[in-house]
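Have a look at the structure below, then the notes.
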Amino acid sequence: MKPPIIDQKKSEKKEEDLDKDVDWGVEIQLSEKRTSTFNTSSFWMHNAFNIWIIAGLLIIFFLSFLVILLGWNLLTASHGFPQDFPKTQEVQLGTSKLAFKLLPLMAENNANIIFSPLSLVIGLAMILEGSKGHTAEEICSVLNWNPTTTFEIQNDLGFLLQGLNGNTDIYTKLYIGGNVFIQENFEITSKFNDQLKQNYECVATEVNFVEEAEAREIINTWVSKQTWGQVRELVRPSQLDLTTRLLITTVMYFKGQWLHAFPKQNTFQARFYVQPDDEATVHMMHTTGNFNYGEFTKLGLQSLELPIDGNKLSLLLILPNKPGRLPEVRKVLQQNPEILSELNGHMKNQTLYICLPKFKIDGRLSLHRHLSKLGLKLLFDSKYADLSGISSQNSLFVKEVVQSARLEVDEEGAEAAAATEFVAAGRSLVYDQLPVFCANHPFLFFLRDLETNIILLMGQYTDPRILEKKT
Numbered sequence: 001m002k003p004p005i006i007d008q009k010k011s012e013k014k015e016e017d018l019d020k021d022v023d024w025g026v027e028i029q030l031s032e033k034r035t036s037t038f039n040t041s042s043f044w045m046h047n048a049f050n051i052w053i054i055a056g057l058l059i060i061f062f063l064s065f066l067v068i069l070l071g072w073n074l075l076t077a078s079h080g081f082p083q084d085f086p087k088t089q090e091v092q093l094g095t096s097k098l099a100f101k102l103l104p105l106m107a108e109n110n111a112n113i114i115f116s117p118l119s120l121v122i123g124l125a126m127i128l129e130g131s132k133g134h135t136a137e138e139i140c141s142v143l144n145w146n147p148t149t150t151f152e153i154q155n156d157l158g159f160l161l162q163g164l165n166g167n168t169d170i171y172t173k174l175y176i177g178g179n180v181f182i183q184e185n186f187e188i189t190s191k192f193n194d195q196l197k198q199n200y201e202c203v204a205t206e207v208n209f210v211e212e213a214e215a216r217e218i219i220n221t222w223v224s225k226q227t228w229g230q231v232r233e234l235v236r237p238s239q240l241d242l243t244t245r246l247l248i249t250t251v252m253y254f255k256g257q258w259l260h261a262f263p264k265q266n267t268f269q270a271r272f273y274v275q276p277d278d279e280a281t282v283h284m285m286h287t288t289g290n291f292n293y294g295e296f297t298k299l300g301l302q303s304l305e306l307p308i309d310g311n312k313l314s315l316l317l318i319l320p321n322k323p324g325r326l327p328e329v330r331k332v333l334q335q336n337p338e339i340l341s342e343l344n345g346h347m348k349n350q351t352l353y354i355c356l357p358k359f360k361i362d363g364r365l366s367l368h369r370h371l372s373k374l375g376l377k378l379l380f381d382s383k384y385a386d387l388s389g390i391s392s393q394n395s396l397f398v399k400e401v402v403q404s405a406r407l408e409v410d411e412e413g414a415e416a417a418a419a420t421e422f423v424a425a426g427r428s429l430v431y432d433q434l435p436v437f438c439a440n441h442p443f444l445f446f447l448r449d450l451e452t453n454i455i456l457l458m459g460q461y462t463d464p465r466i467l468e469k470k471t
């Protein structure tokens with residue numbers, strides 16, 4: 001069967017959907033006073049003087065042009081990180097280690113999975129600001145942080161959030177942040193409050209958890225607003241009760257367009273092999289183009305990077321070379337948390353053929369049990385948790401950790417959202433001589449920042465027949 005002709009033209013960017021415009025304007029007004037009297041003796045003096053004026057104006061104009069050009073280059077640089085942005089290697093590597101330890105635990109039933117490692121790390125880091133003793137040590141261990149340098153790491157994390165949120169431009173919307181909701185008249189320490197302001201740019205908001213429905217409405221409204229309506233019910237009925245004193249929420253929202261869009265006319269129904277002997281039907285997108293791609297025979301996988309327009313973020317796809325081998329690939333990632341960076345270093349930009357299903361994943365995860373398996377136990381213990389750095393008024397412990405996340409991928413781009421709460425108290429279309437990346441069986445995905453390699457969102461797509469859960 002002759003393959004369809006793939007339109008390789010980049011689809012038009014849809015800037016009308018974005019609500020941030022930058023208006024640049026430069027106005028130079030020159031005025032001079034003239035006289036009608038002509039004096040021959042002073043002709044050359046006046047002309048020399050005028051020449052100096054003109055030369056000075058030209059220099060001023062040239063310098064102004066350089067300043068404007070420099071300012072434009074800084075604003076359109078590849079990232080929004082400040083010039084004094086510190087190293088984030090420990091944050092990045094710690095986040096990857098935590099993510100790859102959690103992934104096998106969450107994938108026990110081989111279902112579709114989506115979660116935000118960075119959102120979870122931010123929430124734990126906020127709690128760490130008020131943790132002491134062995135409780136703080138356990139949090140550092142789970143985060144893979146050096147307990148003696150947590151102050152510096154948390155400052156780095158604050159800079160990181162500023163830089164990531166600076167990635168928003170005409171092509172991309174990205175927001176990562178958090179908030180703390182406390183019971184009315186419940187006092188928190190000034191040091192904890194100051195650290196929240198400094199590192200996470202948030203201020204504790206008082207609510208009345210006794211009025212459960214009203215408190216839930218306030219919290220969910222804030223989360224929905226920050227995620228542009230993608231996560232509408234982070235806190236559900238009966239989650240709050242009379243013992244609730246504090247709730248920490250972290251959110252992430254992303255929406256971007258592909259640098260190379262998939263032509264809509266090349267989307268067809270195709271087979272998706274959930275298992276070698278189990279098929280489902282998906283809407284499969286097809287395209288050809290130049291992408292970063294790698295084949296790793298020894299690891300039994302292929303990798304493909306789909307850049308987001310603006311070249312600040314990308315969606316990295318990891319595809320086992322055969323259906324049914326996803327658990328083996330997850331094990332490889334767990335054993336070597338730096339594998340993503342290594343794969344990225346060995347991928348090459350080349351022309352290839354791609355088929356990728358349109359998909360949407362909604363997930364809601366309870367992380368209490370998984371974090372306990374990783375060694376975070378005291379935080380959930382009502383007798384031994386030490387959160388006295390948050391408040392000396394009452395003995396606090398974390399009752400629940402819940403994360404809701406969502407990702408939608410289509411021909412034009414991707415949209416994702418995540419929120420975490422800590423409650424205290426195909427068709428065969430192959431082109432000759434072209435490499436092929438055909439995601440017609442379960443695969444892993446990672447939304448990453450290209451400069452820091454921080455994983456913003458990750459998960460696995462295993463079965464298109466699983467009903468989407470509204471969050």
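For the sequence shown, the tail end lands on 471 under UniProt numbering, and the numbers increase by one without skipping.
For glycine and all other residues, C-beta sits at the position ideal for the given N, C-alpha and C.
Of the listed residues the options, nearest to residue i (C-alpha basis)
i	options	result
Leu396	Phe186, Thr249, Ile354 and Asn336	Phe186
residue 517	Asn109, Leu102, Leu196 and Leu447	Nothing can be reported for residue 517, as the shown portion of the chain is limited to 1 through 471.
Gln275	Val223, Asn110 and Ile361	Asn110
Asp410	His134, Trp258 and Glu152	Trp258
Met284	Leu93, Leu317 and Thr267	Thr267
Gly130	Asp194, Asn144 and Glu214	Asp194
Gln460	Phe291, Leu333 and Ser392	Leu333
Met252	Arg216, Lys360 and Phe115	Phe115
His260	His286, Leu326 and Glu451	His286
Tyr293	Gly345, Ala280, Gly324 and Lys312	Gly345
Leu161	Ile122, Thr150, Val180 and Glu233	Ile122
Glu211	Leu456, Lys360, Leu240 and Gly94	Leu240
Asn179	Asn453, Leu301 and Ile219	Ile219
Leu367	Glu90, Gln89, Leu105 and Lys97	Leu105
Glu233	Asp463, Ala213 and Leu242	Ala213
Gln393	Thr189, Glu279, Phe100 and Phe262	Thr189
Leu299	Leu340, Leu407 and Ala125	Leu340
Lys101	Pro117, Glu90 and Arg216	Pro117
Local conformation of residue i per DSSP, three classes
i	result
Lys312	coil
Glu135	According to the sequence provided, residue 135 is Thr. The question's Glu does not apply to it. Reduced to three states, the DSSP call for Thr135 is helix.
Leu66	Low confidence applies to Leu66: its pLDDT is 47, below 50, so where it sits in the model is not reliable enough to give any reading.
Met458	strand
Phe380	helix
Phe192	helix
Thr149	helix
Pro307	strand
Pro327	helix
Asn199	helix
Gly163	helix
Lys264	helix
Ser428	Since pLDDT at Ser428 reaches only 41, below the 50 mark, its modelled position is unreliable, and no value is offered.
Gln334	helix
Leu447	strand
Leu319	strand
Leu301	strand
Asp463	coil
Beta-carbon proximity check, residue i vs residue j, cutoff 8 Å
i	j	result
Phe254	Ala405	no
Ala419	Thr221	no
Ala385	Leu379	yes
Thr135	Leu371	no
Ile139	Val398	no
Asn144	Leu93	yes
Asn199	Phe291	no
Leu246	Ile182	yes
Leu352	Val235	no
Lys312	Asp463	no
Leu317	Leu304	yes
Leu319	Gln302	yes
Ile455	Phe443	no
Residues bridged to residue i (per DSSP)
i	result
Leu157	Per DSSP, none; premise fails for Leu157.
Cys438	Cys355
Ala270	Val282
Thr287	Ile354
Asp362	Arg406
Asn349	Asn292
Bounding residues of the beta strand (DSSP E) (the contiguous stretch that carries residue i)
i	result
Glu408	Val398 to Val409
Glu206	Thr205 to Val207
Asn453	Taken as a continuous stretch (DSSP letters only), Asn453 belongs to no beta strand (DSSP E), as it is neither H nor E.
Ala215	Counting along the chain, Ala215 falls outside any beta strand (DSSP E), though it belongs to the alpha helix (DSSP H) covering Glu212 to Gln226.
Leu371	No beta strand (DSSP E) holds Leu371; the alpha helix (DSSP H) holding it covers His368 to Lys373.
Gly177	Thr172 to Gln183
Phe186	Taken as a continuous stretch (DSSP letters only), Phe186 belongs to no beta strand (DSSP E), as it is neither H nor E.
Ile248	Leu246 to Gln257
Host alpha helix (DSSP H) of residue i (start-end)
i	result
Lys97	Gln89 to Met106
Leu120	Pro117 to Leu128
Ile339	Ile339 to His346
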